[in-house]
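Inspection log for the structure reproduced underneath, given as structure tokens.
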Amino acid sequence: LELRRERLQRLLGEEREALAAELRERLRDGMRSQEQRDGPGERGRKVRERPGPLCSQFVEPLLPERWNKNNVEPQEAESELHKKHMREAWGDHLRQQNKEEVTKLEEKKHENEYETAREEVLERTRQEEEKCQPEKQRAETLLQQIEELKLQETKATKLKKEQEDLLKQQWELENLEEERKQMEEQRRKKDLG
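Residue 106 in UniProt numbering sits at position 106 of the sequence shown, and the numbers go up by one each step.
Rendered as structure tokens:
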């Protein structure tokens, strides 16, 4: 917006300079025409009355302003030029505004497309998870069964060891009983003998 404003001011300045030059030229043409109408003597008098260089420095810048006030045509031209620049500036503003709106619409479109794609991915993921749910449940059941089998095997191993220990103790008791009987028999024979 700042660049457009600077460009518009620059264009207006250039147009004003061109218009001022044209007005000065017309003023000089008008003065020449007046001198031609007045005749040679009048022309000489006006030449003598013409202000010096110092005065012309102050008068010359005022000539376009006086010409603008007294002549309607330059005023209309400047007004038309101003309107033209305003139309161009307004057109630039509208084009920039349209460009920004198009950019916003494109960004909104991309956002909507991204959101739609994201929702589709989430939906596919959910469907895949639902499809895999029975398999997941079967896998969990198998793992549970394996754990139960391991536990049963552990219990069976423990029971087997306990059984072996009991058998060993029974064998030792039987041996002790056998030894006791033998010793008892030997003592009885000794007492009888």
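In this text, a Cβ means the ideal position worked out from N, Cα and C, and glycines have one as well.
- In the three-state reduction of the DSSP assignment, residue 27 falls in the helix class, which pools H, G and I.
- When secondary structure is reduced to three states using DSSP, residue 1 falls in the coil class, being assigned neither helix nor strand.
- Here residue 92 is near residue 4, since their CB atoms are less than 7 Å apart.
- If you draw a 10 Å sphere on the C-beta of residue 167, you find fewer than 16 other C-beta atoms in it, and that means exposed.
- A straight-line Cα-Cα distance of about 27 Å links residue 164 and residue 146.
- In this structure, the beta-carbon distance from residue 19 to residue 85 does not fall below 7 Å.
- Residue 155 and residue 122 have their C-alpha atoms some 47 Å from each other.
- Residue 79 and residue 107 have their C-alpha atoms some 41 Å from each other.
- In this structure, the straight-line span from the alpha carbon of residue 101 to that of residue 133 is close to 47 Å.
- Beta-carbon to beta-carbon, residue 1 and residue 89 are separated by about 10 Å, too far to satisfy the 8 Å threshold.
- Inclusion of residue 81 and residue 14 in the CB contact set at 7 Å is not warranted, their separation being larger than that value.
- The segment 83-141 is shown to contain no whole beta strand (DSSP E) run of 3 or more residues.
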